[in-house]
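Oh and the sequence shown: position 64 is 64 in UniProt numbering, straight run, nothing missing.
From the three backbone atoms N, C-alpha and C, an ideal C-beta is built for every residue, glycine too.
One structure is given here, and the rest of the page talks about it.
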Amino acid sequence: MRRLLVPWLLLVAGCPRAMPPRPIDVDPALRFPEFFAQPARGMEDSGSALELDGVVLKALMLAANDFLPSGNQGKHCWERQDARLFRFIREGDIIFIRMDVDPSACDGKVLPLDSGAAYAVHVDGRILRRVFDGEPGSGMDLESLDAGTREDAGPLTVDAPVGSTWGAPSDTTPARWLDGGVLDAGTSR
Numbered sequence: 001m002r003r004l005l006v007p008w009l010l011l012v013a014g015c016p017r018a019m020p021p022r023p024i025d026v027d028p029a030l031r032f033p034e035f036f037a038q039p040a041r042g043m044e045d046s047g048s049a050l051e052l053d054g055v056v057l058k059a060l061m062l063a064a065n066d067f068l069p070s071g072n073q074g075k076h077c078w079e080r081q082d083a084r085l086f087r088f089i090r091e092g093d094i095i096f097i098r099m100d101v102d103p104s105a106c107d108g109k110v111l112p113l114d115s116g117a118a119y120a121v122h123v124d125g126r127i128l129r130r131v132f133d134g135e136p137g138s139g140m141d142l143e144s145l146d147a148g149t150r151e152d153a154g155p156l157t158v159d160a161p162v163g164s165t166w167g168a169p170s171d172t173t174p175a176r177w178l179d180g181g182v183l184d185a186g187t188s189r
């Protein structure tokens with residue numbers, strides 16, 4: 001019996017360790033669609049039936065659990081899955097998912113910047129690409145199509161010489177504030 005105790009303890013000691021996460025098959029050529037190009041239908045429409053197939057539900061759950069594990073209850077409101085807004089677009093065998101903080105879920109508290117993520121999940125359950133806000137290629141480019149043109153506006157001209165003021169100093173300014181110091185750099189006494 002004692003001979004079996006050591007192998008049994010070694011076997012049991014390895015059980016609590018979680019399996020390492022599956023590596024993500026990153027495909028940088030995979031482009032995310034414009035999630036906000038058109039309005040999304042919300043769930044707040046009462047009385048209308050919505051249908052969600054199991055593949056999309058599985059992809060949503062996979063992305064949500066990867067980004068914010070359900071057992072990990074953070075200190076802040078925005079660290080919970082139920083405080084998120086989810087948008088998804090299905091294009092063939094790929095489900096694109098966008099997760100952002102729901103401002104109404106956090107009672108108007110200060111929300112973090114760059115707190116969302118975008119996922120591309122294959123219908124077979126593989127995460128093809130994951131990009132967090134603020135990372136290059138996140139698809140949330142700061143350039144907007146209506147932000148003007150890139151043409152040069154010409155050289156910058158300044159009408160007033162640098163360091164000048166317009167007009168005489170105010171009479172209400174105390175004289176000691178206008179004192180610029182001693183011309184001879186001050187001699188020690």
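DSSP three-state label for residue i, please.
i	result
L50	coil
E135	coil
F67	helix
L128	strand
E79	helix
V121	strand
A105	helix
A59	helix
Roughly how many whole angstroms lie between the Cα atoms of residue i and residue j?
i	j	result
R80	W177	55 Å
A40	M99	13 Å
V101	L85	6 Å
G42	E34	17 Å
G125	G154	53 Å
E51	E151	47 Å
K109	F132	22 Å
Who are the Cβ neighbours of residue i in its own chain at under 6 Å, not counting the five residues just before and after it?
i	result
A59	I95, V121
R87	F35, A40, R98
Taking the alpha carbon of residue i as the point to measure from, which residue in the options has its own alpha carbon closest?
i	options	result
P28	R129, V55, L57, N65	R129
W56	I127, P112, C77	Correcting the residue identity first, residue 56 is Val in this sequence and not Trp. Selected option, being the one with the closest Cα: I127.
F36	W78, A64, D82, I89	I89
S104	E34, L113, D82	D82
D53	L156, P136, G134, V123	V123
Just to confirm my understanding: we take residue i, look at its own chain, exclude 5 residues before and 5 after, and list those with CB closer than 7 Å. What are they?
i	result
F67	M99, A117
M61	none
In the DSSP output, which residue or residues are listed as bridge partners for residue i?
i	result
M99	F86, A117
E91	I94
What residues in its chain sit with their C-beta under 8 Å from that of residue i, if we drop five residues either side in the sequence?
i	result
S115	W78, D100, V101, D133
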